[in-house]
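Asks:
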């Protein structure tokens, strides 16, 4: 998190067609949040497909 908030300069990001200018910390925070969300979804799908074994 420190790495994310230390990067304060503006960057240009191309989202398919439009180009957006935003602070680098905002882009990194969005990417981090999407990564966490994808991990949670994958873990839930894996858990639902493979129930724990009973001994």
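In the numbering used here, the protein residues as written are 291 to 345. Idealized CB from N, CA, C, for every residue including glycine. This structure is a prediction, so every number in the text was calculated from the model and none was measured.
Give the list of continuous beta strand (DSSP E) stretches no shorter than 3 residues that lie fully inside the segment 304-328.
Replies: 309-313
Asks: Between the alpha carbons of residue 341 and residue 335, how many angstroms are there, rounded?
Replies: 11 Å
Asks: Quick one, which of 322, 302 and 333 has its alpha-carbon nearest residue 311's?
Replies: 302
Asks: Quick check: what's the CA-CA separation for residue 315 versus residue 307?
Replies: Rounded to whole angstroms, residue 315 to residue 307 spans 22 Å at the Cα level.
Asks: Using beta-carbon positions only, say whether residue 313 and residue 337 come within less than 8 Å of one another.
Replies: no
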